[in-house]
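Quick note on numbering: full-length UniProt numbering labels position 123 of the sequence shown as 123, and the sequence is numbered without any gaps.
Below is one structure, written out as structure tokens; the observations come after it.
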Amino acid sequence: MRAVLEDAEKIVCAVIFLVMTGIGFLNVVVRYLTSYSFAATQEILLNGFLLLTIFGAAIAARRGEHLAVTLFADLLPPAGRRVGLWLSTSLSVFLLCLSAWYCYGLVAHQYASGVTSPGLQVPAWYYTLGLPLGFLLIALRLVQHTLGFDRALRAGDERHA
Numbered sequence: 001m002r003a004v005l006e007d008a009e010k011i012v013c014a015v016i017f018l019v020m021t022g023i024g025f026l027n028v029v030v031r032y033l034t035s036y037s038f039a040a041t042q043e044i045l046l047n048g049f050l051l052l053t054i055f056g057a058a059i060a061a062r063r064g065e066h067l068a069v070t071l072f073a074d075l076l077p078p079a080g081r082r083v084g085l086w087l088s089t090s091l092s093v094f095l096l097c098l099s100a101w102y103c104y105g106l107v108a109h110q111y112a113s114g115v116t117s118p119g120l121q122v123p124a125w126y127y128t129l130g131l132p133l134g135f136l137l138i139a140l141r142l143v144q145h146t147l148g149f150d151r152a153l154r155a156g157d158e159r160h161a
């Protein structure tokens, strides 16, 4: 169970990507054989890419492979690097929580207003429900990475810091 929780975003990305690949392939086959197209495939694929981006960012945050400019931090001594690390992590977590909050507001508004998607006519909040959770997952994974990075800095292990 712990392995599933540690790799939750990888599992979500794999499932989304598999579904997107199947839908895209089916659309091409149907279009080729019948000259018709599934109208809603673009809608599903677009929202799938959005979720892949969010959950992929969580994977990158966990691995410490997210976009970062470390030129100045690399020049600092370990104590200064730790301060910079925690400052940047705090600001990042704040922005991610803010993003989650506003995405939650978007989901609540879509739910309350009954907005539907143009292609499938399903409630629009179905597509955006994963966004607040994704942003919170990125924040969690970023903190997990920062704790490990900080531990390596305190231990003096520059290879893992």
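Cβ coordinates follow ideal geometry from the N, Cα and C atoms, glycine included.
Task: Where the alpha helix (DSSP H) through D150 begins and ends - done: Counted as a single uninterrupted DSSP element, the alpha helix (DSSP H) harbouring D150 occupies residues G130 to A155.
TODO: Just tell me which of A61, D74 and G148 has its CA closest to the CA of L137.
DONE: Comparing Cα positions, the closest option is A61.
Open item on the list: Would T128 pass as an interface residue toward chain D - the criterion being a Cβ-Cβ separation below 8 Å?
Closed with: In the structure shown, chain D cannot be found, because there is only a single protein chain.
- [ ] Pick helix, strand or coil for T41, following the three-state DSSP scheme.
- [x] Secondary structure of T41 (DSSP, three-state): helix.
TODO: Could you give the DSSP three-state label for P78: helix, strand or coil?
DONE: Here P78 sits in helix by DSSP.
Task: Residues near A23 by beta carbon distance below 7 Å, same chain, minus five either side - done: Per the sequence presented here, residue 23 reads as Ile, with Ala not at that position. Counting only Cβ-Cβ distances below 7 Å, and skipping sequence neighbours, we find T41, I44 and L45.
TODO: Can you grab the Cα-Cα spacing for the pair L91 / Y36, in whole Å?
DONE: Each residue's alpha carbon lies about 49 Å from the other.
TODO: Tell me whether F55 is buried or exposed, calling it buried when 16 or more other Cβ atoms sit within 10 Å of its Cβ.
DONE: Residue environment: F55 is assigned as buried (16 or more neighbouring CB atoms within 10 Å of its CB, all protein chains considered).
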